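Enquirer: First the structure, which I've put down as C-alpha cells, then a few questions once you've had a look.
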Amino acid sequence: MNLSRNLANELQAEISRRAFLGQSCGLGAAALSWLSGSTATARSDYAPTAKRVIYLFMSGGPSHVDTFDYKPELTRRNDEQVPESLIDGIHFAMIKTDQTPLLRGSPFRFQRHGEHGAYVSELLPHLATVVDELAIIQSLRSEVFNHDPAVSLLNCGDPRVGRPTMGAWLSYGLGKETEELPAYVVLTSGQKRQPLLDSYWTNGFLPSEHQGVRFRSQGDPVLFLSNSNNITRAERRQQIDLIQWMNKQRFDLFRDPETLGRIAQYETAFRMQTAIPSLMDYSDESRATLDLYGIEPGKPSFANNCLMARRMAERGVRFIQLYDMGWDSHGSIVAEHQERCRGIDQGAAALIRDLKQRGMLDDTLVIWGGEFGRTPVAQGGGEQWGRDHHPHGFTMWMAGGGIRGGVVHGSTDDFGFHAVESPVSVHDFHATALHCLGINHEKLTYRHQGRDFRLTDVAGEVVAPLLS
Amino acid sequence: MTCMTLIVLGTTDIIGTAQAVDFQRDVRPIWLTHCTECHGADAATRVSDLRLDTGNITDLTLSSGDAAVAGPNANDSELYQRITSSDPDYRMPPPDHGPRLSPADQRTLRLWIEEGAPMSAHWAYQPPLRSSLPKVLDRDWPRNPIDHFVLAKLEAGELPPSPQSDRRTLIRRLSFDLRGLPPSPSEVSQFVQDSRPDAYRKLVERYLASPQYGERMAQEWLDAARYADTTGHAADMPRTMWLYRDWVINAFNSNMSFDRFSIDQIAGDLINRQQGEASVPPSNEYEILENPTTSRLIATGFHRNSMQALGNNPRKEEYRIKGIVDRMDTTGRVWLGITVGCAECHDHKYDPLTTREYYELFAIFNNVPHYGTTFEVHGPRIKVLNAKQRQTLNNFDQLVADLQRRKTAEDAEETGQLDAELKATQKARDDFLKACPTAQVMDELETPRDTFIHVRGNFEAPGEQVHPNLPTIVGNPEGIGAPNRLDFAHALFDRTNPLTARVAVNRFWAHFFGAGIVNTVDDFGVRGALPTHPSLLDWLAIEFIEAKWDIKHLHRLIVTSSVYQQSSQQTDHLAKIDPDNLHLARGPRFRLAAEQIRDSGLLISGLMVNHLGGPSVFPYQPKGVGEYRDATAGEWKNDSGKNAYRRGIYTFWQRMSPYPAMTSFDAPSRERSCTQRSRTNTPLQALTQLNDPAVAELSEMFSKRIMAAGKSFRARLDAAFMLALSRPPTTAEADRFEKFFLQHTPARDNDAKQTQPTENVNGAESRAWMLIAQILLNLDETITKE
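Line by line, the protein sequences give chains A and B.
Heads up: the first sequence is residues 87 to 554, going by this note's numbering.
Heads up: the second sequence is residues 24 to 809, going by this note's numbering.
Now the structure itself:
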C-alpha cells in the first residue's frame with residue numbers, strides 16, 4: 087500500500103511541477119484516477135515536536151563511565167575485585183572470568199557544567215558547553231553484547247536479522263519531505279576498528295525504497311550520480327526528454343502506473359544530479375560556521391558530516407545517521423577514547439549550537455549514543471588497558487525536537503555497572519523518539535508474514551521525563 | 024482494496040455462491056485482531072477455555088452456564104451481548120485490553136450468528152481437492168484447465184478477458200520468463216512469421232530445453248535458499264558455495280522432480296547413508312563430481328547457506344543455535360509457507376504450532392556437526408573434482424610415482440636432484456588439489472544432541488527435554504518413530520501434507536504473474552492472504568503432485584494457458600475495478616528483476632559471455648563500495664575479460680556489501696531466506712541505469728553493434744530497436760530519434776536522411792549512437808516484461 091502511496095505522492099509532485107511550468111504532462115484523467123484514493127498524508131498520531139532526526143552513532147560502543155556517567159565510587163575502589171553480586175550471570179565479550187575482573191575508575195576528570203550542573207568528563211569540553219540542551223539518559227539497558235546484533239537492536243528494536251531500522255520505519259511512516267534527496271541518509275567517519283555493514287541501514291521487510299542511502303567518502307557521494315561517458319548536462323536533458331517521451335507513449339498504450347512512476351523517477355534523478363553537488367558545496371557557509379565546526383571544506387571528518395547533516399536537515403532529509411567508527415576500545419581507553427572524543431566533540435557541539443541559532447533545534451531530534459557502553463572493569467592489565475562491551479547500563483543523550491534540555495535521567499549503580507534507577511530499554515528509547523515525531527509507536531506497524539510488526543516489537547513506553 | 028473487489032473475490036471462485044458473511048474472510052480477522060491473545064492458540068496467554076480458533080462455537084458453554092452463541096438470534100448470545108455491552112465489567116474486549124469493536128465488526132458478527140455461526144477450519148490446513156472444471160460460457164477461450172477457473176470467475180464478474188498478446192510481446196514475455204533474456208531479433212522475426220498452429224508450443228519447448236532456463240529459474244530459488252558467497256555477520260568472509268548454485272541450475276535444466284529436488288537439498292546426506300555410503304567420507308581426498316552421491320551432498324548446501332559468525336566469540340552455542348533457527352525459518356517459509364519462528368519463544372499465536380512441536384522439529388535439525396564460531400569457515404565440507412581435474416591429478420600422481428620408482432632404482436648420486444623434483448611435484452599436486460572447489464555440506468552426528476525446550480527462546484534456560492517428532496502441521500505420515508531430517512523431508516511430500524504442493528505451485532505462479540494466487544507467498548497461515556482462485560490453486564497442486572512433481576510440466580501448463588497469453592494492456596475500466604489484476608483479466612506487466620536487467624543489457628550490447636556455471640565473478644563496481652567491510656573479508660577486485668560479462672546470477676554475492684546495481688533493483692542481501700522480492704521504482708534505479716560505468720560500457724558496445732548493423736540511419740535505428748525492444752520503431756518514434764540524432768551530429772547536416780552509405784564515420788556520429796543506445800537501455804519497455 088505504501089508503495090503506491092509514495093508513487094502517488096511523487097507523481098502528484100511531478101504533475102504539479104509540470105502544471106506549474108505550463109507543460110503538458112500527459113497525465114490525463116486515467117492517471118489522476120490512479121492517484122485518487124491512494125494518496126495519503128504522512129501519518130501523525132499526535133502533534134509532532136520533531137520533523138526529522140540526526141542520530142550520531144558512536145559505532146563500537148563509547149564508554150559511559152569516561153564520558154557522561156561520573157562514578158567517584160568506582161575511582162575510590164580502583165583495582166579492587168568487582169563485587170561478585172554485580173557479575174552474577176554476566177557474560178563478557180572478551181574478558182575472561184577465570185579471575186575476578188578489577189574495577190577501574192576513569193582516568194579522566196569530571197566536572198559539573200551548565201545551569202543544571204550535569205557532569206561531563208574532560209574528554210568532551212565542547213559538548214560540556216551545550217549540556218543544558220541535552221537530556222542525558224544514564225540508564226540505558228540492552229541485552230546483547232556483540233557488535234552487530236547490538237547495533238541491530240539499537241537500530242531495529244531486535245537483535246535478529248531482517249527487521250527494518252528506525253530510519254526505514256520513519257521513511258515508511260512519514261514519507262518524504264524532499265524529492266531531490268533520499269529520505270534516509272547515512273554518513274560515515276572515524277577509525278575503522280569494527281566494520282560497518284550494509285545491514286545497519288537495512289529496510290528489513292519494508293519495501294527497499296526505504297533503505298538508507300550511504301553517502302560515500304570517495305567518488306560520487308551517491309553512487310552513479312555523475313553522468314557516465316562524459317555526457318554533458320544538456321545532452322543528458324535531451325536524453326531524458328526522449329526517454330520520457332518514449333515512456334509516455336508506452337503509458338498511453340499499456341496504462342501501467344509503474345510507467346508513470348518511472349517517468350517521475352527519471353526527473354527526480356536528473357534533479358538529484360544538481361541538488362547533491364549543491365548540498366556538498368560549502369561555499370555558501372560563512373567562515374564563522376566553518377570555524378564553529380572546526381572544519382576545512384572537503385576534508386572528511388565527523389564534524390564535516392555534522393555540518394552536512396544540518397544542510398540535509400534544511401533540505402528535508404528525514405533521518406540522517408552519522409556513524410563514527412572506532413569506539414571499540416578493548417586495548418586502550420586512554421589513547422583510543424581521547425582520539426575518538428576529540429574526533430566528535432567539537433562537531434557534535436557545533437551541530438547543537440548551529441541548529442539552535444537557526445531555530446532548527448526545535449524541530450530536529452538529535453540523538454547520541456552507541457550500541458552499548460563499556461565495562462567499568464578493566465580489560466587487560468598494566469599501562470595499556472581497555473574496557474569490554476557493556477550492555478547492562480550505559481549512556482545516551484537526546485536533544486531538541488521536543489526533548490527537555492538539562493535533564494539527567496536514571497542512573498547506574500555506584501560502579502556504573504547496572505542501570506538501577508529508572509532503567510530505559512531500547513524499546514523505551516524508540517518509543518520516545520517516535521513520540522517526538524508525532525507517532526504512537528504501537529500504531530506504526532507493517533504486516534509481514536501474518537504479523538503486524540513494529541519498531542518497538544511488543545514493548546516500549548515513552549519516557550515522559552525526557553519530554554519538554 | 025475497494026469494497027467492491029472484496030465482495031467479488033471472496034473465498035470461492037464463483038460469485039453468487041459466497042455467503043453474505045464468510046467465516047475465514049470476515050469473522051476470523053476480527054478475532055485475530057481483538058480476541059486471539061486471550062482466546063487463541065497460545066497456552067501461555069490464553070485466559071479462557073473459550074477458544075475462538077478451534078472447534079464449533081455453537082457447542083460451547085461459558086462458565087456462566089450460558090451458550091456463547093445460542094440460536095440465530097444474536098441478542099440471545101452472550102458473545103454478542105458482551106461485544107455490544109456498555110458495562111465495562113461485562114464488555115469484550117475488556118477496556119484495559121483494547122477498544123470496543125467497531126459498529127461494522129459488531130454487525131458482521133451479528134450477521135454471522137444469524138447465519139448459524141458456521142466455523143470452518145483454515146483452508147490451507149485442509150488437504151487440497153481437485154474439483155471438476157467450472158462451466159464457462161465462452162467455450163473457445165480456454166486452452167487448458169487453468170483457463171476454466173479463471174474464465175468462470177471473470178464471467179461471474181462480467182469481466183471479459185483481454186485479447187491475446189501480439190506475437191512480439193508474447194515471445195518477449197516468454198523469453199524473459201523462461202530464459203531471463205530478451206529474444207534475439209531473428210528469433211522474433213521467425214516466430215512472428217511462423218503461422219503454423221503449433222508455433223507457440225514449439226517455442227515453449229525450445230525455451231524450456233535451453234540451458235538459460237535453469238539460470239533463470241535458479242535466481243528465485245537462490246533467494247529462497249539465501250545462497251551467498253560470503254558467511255555474513257560482521258566478518259562476512261568469502262566461502263566456496265558455488266557448486267551448490269550450479270547444482271540448482273542443473274537441477275532445473277535436467278527437470279529434476281520437485282520432490283527429489285527438495286529432499287536432496289534437505290537430506291541428501293542421509294540418503295547416501297541409507298545407501299550405505301559414509302555421508303562425508305573422511306578417508307577420501309576428494310569426491311567425483313559426476314557421482315550421484317556427490318551431487319546429493321552438494322545439494323545439501325541448501326542448509327549450509329545459513330550465515331556463520333567468525334572470530335573470537337565466547338558464545339559459540341548461541342551462534343550454532345542461530346544457524347538452526349535460520350534453517351527452521353527457511354524450511355517453514357520455503358516448503359510450508361508458515362512462520363515457524365514465532366514458536367521459538369511461545370506457542371504460535373494463531374497457527375497450529377506449539378513451542379513443544381517447534382523444539383521437536385529443532386531436535387531433527389540439531390545434529391549438524393559444526394559449532395557456532397571460529398576463526399575460519401568451518402563445518403562439514405567436501406572437495407569435488409570433475410573429470411578434467413581428476414585427469415590432471417592423475418597425471419601428477421603418475422609423475423610422483425615415476426619419480427619415486429626412479430629414486431629407488433637410481434644410485435645415491437642422483438637422489439638429491441630427484442628428491443627436489445619429487446618434492447616440487449608433490450607440492451604442485453597438493454596446490455592443485457587445494458585450488459579445486461569445495462562444497463559445504465550437511466552431515467549428521469552419530470550420537471544425536473539432546474534437545475531441550477528453550478524457555479522463552481533462551482537457550483541458556485533449558486526446559487523439558489524433547490525428542491525428534493513431526494509437527495502436526497507437516498502432515499501425518501504413518502510409521503515414523505523417531506524421525507530424522509530425511510523422514511521430515513519425505514513427510515513434506517506425503518499425500519497427507521496440505522501445504523507443500525500449494526506453496527510450491529503458488530510460488531511458480533508468482534514467477535509468471537508477478538503475484539501469487541495467495542499473495543503472501545511465504546504465509547499460508549491464518550493471517551496470510553486468502554487465495555484469489557482457491558479451486559485453481561488446488562487444481563494446480565493436485566496436478567503437480569499427480570504429474571510426479573514435474574516442474575517443466577507445470578511451467579508448460581501455465582505458459583500455454585490463455586490467461587498467460589493475454590495482453591497486459593490496461594483499460595480504464597479494468598484499472599478502476601481491479602488495479603491489482605486480482606481477477607487476471609489481463610496479462611502480467613512488471614519490471615524485470617535486477618539480474619535480468621543486467622543480462623538484457625549484456626545481450627543487447629553483444630557483450631554477454633554465455634558460460635554455464637563456475638566460480639562467482641566480480642563485474643565492475645566503483646572503488647569504495649565495500650570500504651568499511653572487515654579487513655579479513657577481502658577486497659572486490661574487478662574482473663576483466665570474459666568474467667566481467669557473465670550473467671547476473673554469477674555475480675559474487677557479498678551479503679554485507681552486495682553488488683550496488685543488484686541492491687538498487689531490489690535484490691535481497693540474502694542474510695535470510697526471501698521468497699518474494701519487493702518491486703520498487705526509485706530515482707536511484709534511474710541513476711544506476713543511466714550512469715553505472717558497467718552500464719555505460721554496455722551502451723558503448725551497443726552503439727558499435729548498431730553502427731555495424733547497417734549503413735543508413737534508418738537501418739541502424741531499426742536494428743537498435745529490434746535488439747533492445749524486439750520491434751522496429753514506429754514512424755513517430757523514428758522521427759523523434761532522427762531529430763535527436765541530427766541534433767547531435769551537426770557536422771553531418773542532413774546527411775542522415777540519405778540512404779547512401781556513410782563512408783567516414785566521424786566522432787559525433789558514433790557519439791550520437793552511444794547516446795541513443797543509452798536511451799534505449801533506459802526505457803521502461805526495455806526493462807519491463809510486458
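From the three backbone atoms N, C-alpha and C, an ideal C-beta is built for every residue, glycine too.
Just so you know, these numbers come straight off a predicted model, no measurement behind them.
Please state if the CB of R401(A) and the CB of L451(A) are separated by a distance shorter than 8 Å.
Expert: For L451(A) and R401(A), no; Cβs fall outside 8 Å.
Enquirer: Can you confirm whether L283(A), when its beta carbon is compared against all beta carbons of chain B, has any partner nearer than 8 Å?
Expert: Yes, because at least one Cβ of chain B sits closer than 8 Å to the Cβ of L283(A).
Enquirer: From G146(A), A355(A) and G380(A), pick the residue whose C-alpha is nearest to that of G417(A); which is it?
Expert: The shortest C-alpha separation from G417(A) is found at G146(A).
Enquirer: Below 8 Å, how does it come out for the segment 191 to 210 of chain A and the segment 146 to 158 of chain A: are there three or more Cβ pairs, yes or no?
Expert: Touching, per the Cβ criterion.
Enquirer: Between C697(B), P183(B) and P642(B), which lies nearest to A684(B) when the distance is taken from Cα to Cα?
Expert: If we check each option's Cα against that of A684(B), P642(B) comes out closest.
Enquirer: Going along the chain, which residues of the segment 530 to 541 of chain A sit with their C-beta nearer than 7 Å to a C-beta in chain B?
Expert: Of all residues in the segment 530 to 541 of chain A, Q535, G536 and R537 have a Cβ within less than 7 Å of some Cβ in chain B.
Enquirer: For the segment 348 to 365 of chain A, enumerate the residues whose C-beta is nearer than 7 Å to any C-beta of chain C, in chain order.
Expert: Here the protein chains are A and B, and chain C is not one of them.
Enquirer: With DSSP collapsed to three states, give me the class of D36(B).
Expert: Since pLDDT at D36(B) reaches only 43, below the 50 mark, its modelled position is unreliable, and no value is offered.
Enquirer: Distance, Cα to Cα, D287(B) vs T711(B)?
Expert: Distance between the alpha carbons of D287(B) and T711(B) is about 39 Å.
Enquirer: Considering Cα atoms alone, identify which of S71(B), A66(B) and P205(B) is closest to S87(B).
Expert: Cα-wise, what sits closest to S87(B) is S71(B).
Enquirer: With a cut-off of 8 Å, does the C-beta of I86(A) fall near any C-beta of chain B?
Expert: Nothing in the structure corresponds to residue 86(A), since chain A is present only between 87 and 554.
Enquirer: Thinking I489(A) and A221(A) are a contact (beta carbons under 8 Å), I'd like their distance in whole angstroms, please.
Expert: Yes, I489(A) and A221(A) are in contact; Cβ-Cβ is about 5 Å, under 8 Å.
Enquirer: Would DSSP call K339(B) helix, strand or coil?
Expert: In the structure shown, K339(B) sits in a helix (DSSP, three-state: H, G or I).
Enquirer: Could you check the C-alpha separation between G291(B) and P315(B) for me, to the nearest Å?
Expert: Straight-line Cα distance between these residues: approximately 10 Å.
Enquirer: Contact between the segment 338 to 351 of chain A and the segment 305 to 321 of chain A is defined here as three or more beta-carbon pairs at a separation below 8 Å; is this criterion met?
Expert: The answer is no - the segment 305 to 321 of chain A does not touch the segment 338 to 351 of chain A, with fewer than three Cβ pairs under 8 Å.
Enquirer: Rounded C-beta distance between N477(A) and E229(A)? I'm assuming under 8 Å.
Expert: With the sequence shown as reference, residue 477(A) is identified as Pro, and Asn is not the correct amino acid for it. Between E229(A) and P477(A) the Cβ distance is about 6 Å, and since that is below 8 Å, they are a contact.
Enquirer: Should P375(B) be flagged as near chain A, meaning a C-beta pair shorter than 8 Å?
Expert: Not an interface residue.
Enquirer: Check whether the segment 430 to 439 of chain A and the segment 460 to 480 of chain A are in contact - that is, three or more C-beta pairs closer than 8 Å.
Expert: No, the segment 430 to 439 of chain A is not in contact with the segment 460 to 480 of chain A.
Enquirer: Using only CA atoms, which one of Q325(A), E371(A) and A421(A) lies nearest to R759(B)?
Expert: Residue Q325(A) is the option with its Cα nearest to R759(B).
Enquirer: In the DSSP assignment, the beta strand (DSSP E) including M484(A) goes from what residue to what residue?
Expert: Run containing M484(A): F480 to A485, per the beta strand (DSSP E) assignment.
Enquirer: So within the segment 374 to 458 of chain A, which uninterrupted alpha helix (DSSP H) runs reach at least 4 residues, ignoring any that extend past its ends?
Expert: 388 to 400 and 419 to 443, all fully within the segment 374 to 458 of chain A.
Enquirer: Residues of chain B with CB under 9 Å from L311(A), in chain order?
Expert: Here the neighbours are L710 and N714.
Enquirer: From R373(A) to E694(B), what does the alpha carbon distance come to, in whole angstroms?
Expert: When rounded, the distance between both Cα atoms is 46 Å.
Enquirer: M260(B) versus chain A: which residues are under 7 Å apart at the beta carbon?
Expert: Those within 7 Å of M260(B) in chain A number zero; the least Cβ separation is about 11 Å.
Enquirer: Just tell me which of A236(A), S225(A) and H527(A) has its CA closest to the CA of S285(A).
Expert: Selected option, being the one with the closest Cα: A236(A).
Enquirer: Using a C-beta to C-beta distance shorter than 7 Å, which residues of chain A count as neighbours of K646(B)?
Expert: Residues of chain A passing the Cβ test: Q304 and G305.
Enquirer: I37(B) CB to nearest chain A CB: under 8 Å?
Expert: Low confidence applies to I37(B): its pLDDT is 36, below 50, so where it sits in the model is not reliable, and the reading given next is rough at best. Chain A, which has no Cβ nearer than 8 Å to the Cβ of I37(B), makes this no.
Enquirer: State buried or exposed for N801(B), treating a residue as buried only when at least 16 other CB atoms are found within 10 Å of its CB.
Expert: Result: buried.
Enquirer: Going by DSSP, what residues sit across from E310(B) in a beta bridge?
Expert: Looking at the DSSP assignment, E310(B) forms a beta bridge with V407(B).
Enquirer: Taking only beta-carbon positions, decide if T125(A) is within less than 8 Å of chain B.
Expert: Its pLDDT being 27, under 50, T125(A) is placed unreliably by the model, and the measurement read from it follows with that caveat. It does not; no Cβ of chain B falls within 8 Å.
Enquirer: Tell me whether the beta-carbon of F214(B) lies closer than 8 Å to the beta-carbon of P205(B).
Expert: Contact: no.
Enquirer: Report back the beta-carbon spacing between V168(A) and P148(A) to the nearest angstrom; my notes put them in contact at under 8 Å.
Expert: With 8 Å as the limit, V168(A) and P148(A) do not qualify as a contact, their Cβ atoms being about 21 Å apart.
Enquirer: Any contact between the segment 334 to 353 of chain B and the segment 450 to 458 of chain B? By contact I mean 3 or more CB pairs, one from each, below 8 Å.
Expert: Taking 8 Å as the limit for Cβ pairs, the verdict is that the segment 450 to 458 of chain B does not touch the segment 334 to 353 of chain B.
Enquirer: Cα separation between W255(A) and R428(A)?
Expert: Each residue's alpha carbon lies about 32 Å from the other.
Enquirer: By DSSP's criteria, K808(B) is part of a beta bridge. Which residues make up the other side?
Expert: The partner list for K808(B) (beta bridge, DSSP) reads F613(B).
Enquirer: Measuring only the C-alpha atoms, how far is D110(B) from N232(A)?
Expert: Cα to Cα, the separation comes out at about 51 Å.
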